[in-house]
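Participant: When you line the sequence shown up against this note's numbering, it's residues 207 to 539, in that order. The beta carbon of each residue, even a glycine, is placed where N, CA and C say it ideally should be. It should be emphasised that the depicted structure is a prediction, and the values quoted were computed from it without experimental measurement.
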Amino acid sequence: MIKARIDAVGSYIGENEVSTRDLLANAHFDRFDKPFDLVESALGISSVRQVQGSIRPGDIAIKAAESALAKSEISNTEIDAVFYCGMTSDYTEPSTAHKIADELGINAPFCWDQADACHGLSTGLITANALIRNGQIRNALVCTGERASKGTDFITDQYNKDILTERDINDTIGAFTVGDAGGAFIVSQSDNEEGIEFINTECDSRQRKLCYVDWEDSSFAMKMGLICSRTIKLVSHMLPKTLNSLGWERNDIDFMLPHQVGKRPFDIYLNSLFKLPSEKSIATYKDMGNLTSASIAVSWDLLESAGRLKKKDKMFIVSTGSGIVASQMGITL
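See below:
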């Protein structure tokens, strides 16, 4: 039976490390009698990563894709599909995927953008998996690039213009937790035990107003406490079905990679839901912040670069995003 396997992973992380204390100082949170370490103490995020200059999301995705292609057995001429999965694109038209394909010398019959908030890259993997399994494509580039710091700058400006006030802190504090990054997967056919074993996806669209960005209306909300608790509840509800369909026990999992938005959700996933030791994951939130749709790829790439992954390892991905949406994916390396 044909499966889809992850042939290579690449990532790109913003060059500048900016402390969350400095971000809150830039927004003058002291006038609200709020400490500058509010994000660090509440969410465990001490710094975020930001890119330099005017680099666009598509350019960030290209850097991540170049990293993945450099490690891949698949050449650019063998790529049948390019899916760009970032929250923001470079243009209204054409799709940013066309820019990425052109810059990388890829001539693919499938080339489009698909956004799904922080879950976007996983949505691209789900699409690539389906097309590979039914024989429509052999190899896909699934990538994202996120310039989340533009949102941070926008919210900071709103505070400094007194458009936002102390009463808006709970709804906007998440804007000071996000970082800039890109991620990319080369996905290809597998006819052996390697590959994506099972994907379980669920949504609760009633929660869509907990986290949203509406540029048309200049409105923003990221209710961290509520969206985290309801996302964790959804992930917990899904887990028994996923493990049963995979035929895995929790202790069969070699690595669990969740989307990371802060210390408490990460600890709940690792310690309470999965009951795994810390060495079976990697924490990136403290020094990089919430890397939005790139977070899973960055975590995977860091594990691989550290030499911690090996053939036949069982990888369990917990990907989530506003909406809310959650997917769980079991992969044999």
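I need the DSSP call for asparagine 496, collapsed to helix, strand or coil.
Facilitator: When DSSP states are grouped into helix, strand and coil, asparagine 496 belongs to the strand group.
Participant: At what residue ranges does the stretch 435 to 496 contain a whole run of the beta strand (DSSP E), taking only runs of 3 or more?
Facilitator: As far as the stretch 435 to 496 is concerned, its whole beta strand (DSSP E) runs of at least 3 residues are 461 to 464.
Participant: What do you reckon, are the CB atoms on proline 471 and cysteine 434 nearer than 8 Å?
Facilitator: Yes, the pair counts as a contact, with Cβ atoms nearer than the cut-off.
Participant: DSSP on valine 257, reduced to helix/strand/coil?
Facilitator: coil
Participant: How many angstroms separate the CA atom of glycine 330 from the CA atom of aspartate 374?
Facilitator: 34 Å
Participant: Just the Cα atoms here: how many angstroms apart are cysteine 324 and threonine 498?
Facilitator: 5 Å
Participant: Between the stretch 213 to 225 and the stretch 269 to 280, can you find at least three pairs of beta-carbon atoms closer than 8 Å?
Facilitator: yes
Participant: Hey, could you find the ends of the beta strand (DSSP E) threonine 407 is sitting in?
Facilitator: 401 to 409
Participant: Counting along the chain, where does the alpha helix (DSSP H) carrying valine 245 start and finish?
Facilitator: Segment 244 to 249, the alpha helix (DSSP H) holding valine 245.
Participant: From the DSSP output, in three-state form, read off tryptophan 421 for me.
Facilitator: Coil at tryptophan 421, not helix or strand.
Participant: Shortest alpha-carbon distance to glycine 259 belongs to which of Arg237, Glu221, Phe289 and Asp228?
Facilitator: Glu221
Participant: Between the stretch 408 to 425 and the stretch 480 to 500, are three or more C-beta pairs nearer than 8 Å?
Facilitator: no
Participant: On the DSSP bridge list, what partners appear for glutamine 534?
Facilitator: Its beta-bridge partners are Asn406 and Val524.
Participant: Quick check on this structure: which residue in Ser253, Phe289 and Ser505 has the alpha carbon closest to the alpha carbon of valine 384?
Facilitator: Ser253
Participant: For the beta strand (DSSP E) containing isoleucine 392, name the first residue and the last one.
Facilitator: 387 to 396
Participant: By the DSSP assignment, the beta strand (DSSP E) with aspartate 211 in it spans what residues?
Facilitator: The question names aspartate, yet the displayed sequence has arginine at residue 211. That run of the beta strand (DSSP E) goes 209 to 219.
Participant: Assess contact between the stretch 231 to 247 and the stretch 417 to 424, defined as three or more Cβ pairs (one per stretch) separated by less than 8 Å. Is contact present?
Facilitator: no
Participant: Quick check on aspartate 265: does DSSP put it in helix, strand or coil?
Facilitator: helix
Participant: When DSSP builds the beta bridges, which residues end up paired with alanine 427?
Facilitator: Per DSSP, Tyr418.
Participant: Which whole-angstrom value describes the C-beta separation of valine 288 and cysteine 317, a residue pair presumed to lie in contact below a C-beta threshold of 8 Å?
Facilitator: 5 Å
Participant: If you measure between the beta carbons of isoleucine 285 and arginine 436, is that distance less than 8 Å?
Facilitator: It is not a contact, given that the beta carbons lie outside the stated cut-off.
Participant: Tell me whether threonine 362 sits in a helix, a strand or coil according to DSSP, three-state version.
Facilitator: helix
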